[in-house]
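Per my numbering, the sequence shown runs over residues 12 to 316.
We put the beta carbon where it would ideally sit given N, CA and C, even for glycine.
For reference, the structure discussed in these notes is given below.
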Amino acid sequence: MKVIFFGSTFDSVLILEKLRDHACAVVTQPPRPVGRKQQLTPTPVEMWAKEHAVTTVSFPSNPEKPWLYADEQQVIDTLESLKADLFVSACYGQKIPWETIASARFGGLNVHPSLLPRWRGADPVPWAILSGDRQTGVTIVTLSKEFDEGVVIAQKKVPITDADTSDALRTKLFTLGADLLAEVLPKYLAKQPIHPFTHSPITQLPYARRLTREDGFEPWEAIRKAFADSEEAKRIERKFRAFTPWPGLWTKIRIMNHELGIMEEKRLKMLGLSLIAYRLSLDLVQLEGKRPVSWKQFQEGYLPS
């Protein structure tokens, strides 16, 4: 059986490992500049493919709509020429053309880190944490014309704890998803009956859009309120766990510029915080252009007494 795998992240590799004996090619996003030196770096999936001598294919994205392609016909022609039996995707980041999916003998499957149809979309894990969901899960769903609207063929639920952060929970879900895919794949390929799940209409459920840098912003007034308000404290603590490491939790605060003797507004990022007696406590913060310091040090250095 010839499988083409679509993925771009470290978590994608967890799924790819289960397909290593059948992967004839991987499709991943092109290398991107990373770090201060903006060094062009391949995705973890491309690095895995090189290590295991598996063909790698990448397609430039549409600059205005990065989940689409600069030349979709090129994508269709290239993938159909590989004559795959099955497509499998996990954290790929671009939309697989329906013509391509339909050309494969067994179509395609996607491993999605939510209990579909709740939290369809690009970033389900942080939105689930932010919303205070008490459980989430991983779903094996058939690839479809639209994102995450295929037939759900398997799911596994997990609780969301008060300590979960997005990265850790996402990796937990894809680890479970890899095992779930291995469990359900033989039945799927044998075309044994798989009973689709019954769900609420999609329009009634929340959508997990892509995060932006601005999503991490929290007004300073709300953070100050959380020092005394338990409900606000819990909300902001959830937001911190949901948006760590990216886009992070940050605010704008007026501080004293001692050199100029004036107050000015600066960006302040929260690097560590906790709940003490149901109230927000800041532990580690970083002012733009400065090194991280404790909240106590920041207050002593920048806030008027």
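Cβ pair residue i, residue j closer than 7 Å
i: residue 122; j: residue 187; result: no
i: residue 66; j: residue 54; result: no
i: residue 22; j: residue 181; result: yes
i: residue 111; j: residue 87; result: yes
i: residue 284; j: residue 251; result: yes
i: residue 169; j: residue 143; result: no
i: residue 152; j: residue 184; result: no
i: residue 26; j: residue 101; result: yes
i: residue 163; j: residue 150; result: yes
i: residue 218; j: residue 145; result: no
i: residue 267; j: residue 315; result: yes
i: residue 64; j: residue 137; result: no
i: residue 280; j: residue 297; result: yes
i: residue 106; j: residue 78; result: yes
i: residue 59; j: residue 14; result: no
i: residue 282; j: residue 295; result: yes
i: residue 133; j: residue 224; result: no
i: residue 300; j: residue 259; result: no
i: residue 161; j: residue 103; result: no
i: residue 76; j: residue 109; result: no
Burial state of residue i, where buried means 16 or more other Cβ atoms lie within 10 Å
i: residue 74; result: exposed
i: residue 42; result: exposed
i: residue 261; result: buried
i: residue 80; result: buried
i: residue 289; result: exposed
i: residue 29; result: buried
i: residue 45; result: exposed
i: residue 20; result: buried
i: residue 57; result: buried
i: residue 82; result: exposed
i: residue 189; result: buried
i: residue 249; result: buried
i: residue 197; result: exposed
i: residue 264; result: buried
i: residue 154; result: buried
i: residue 271; result: exposed
i: residue 7; result: No information on residue 7 is available, as it lies outside the stretch 12 to 316 that the chain covers here.
i: residue 97; result: buried
Nearest-angstrom Cβ-Cβ length linking residue i and residue j, presumed shorter than 8 Å
i: residue 165; j: residue 195; result: 4 Å
i: residue 256; j: residue 178; result: 7 Å
i: residue 99; j: residue 119; result: 7 Å
i: residue 247; j: residue 232; result: That belief does not hold up - the Cβ atoms of residue 247 and residue 232 are roughly 12 Å apart, past 8 Å.
i: residue 68; j: residue 89; result: 6 Å
i: residue 70; j: residue 85; result: 7 Å
Chain C within 7 Å of residue i, Cβ atoms only
i: residue 25; result: The chain inventory of the structure shown lacks chain C, comprising one protein chain alone.
Meets three-Cβ-pair contact criterion under 8 Å: the region 29 to 48 and the region 87 to 98: yes
Completely contained beta strand (DSSP E) runs for the region 112 to 191, where each covers 3 or more residues: 119 to 123, 146 to 153, 163 to 170
Meets three-Cβ-pair contact criterion under 8 Å: the region 220 to 240 and the region 285 to 304: yes
Start-end ranges of the beta strand (DSSP E) lying completely within the region 43 to 94, minimum 3 residues: 43 to 45, 50 to 52, 66 to 68
Completely contained beta strand (DSSP E) runs for the region 231 to 274, where each covers 3 or more residues: 260 to 268
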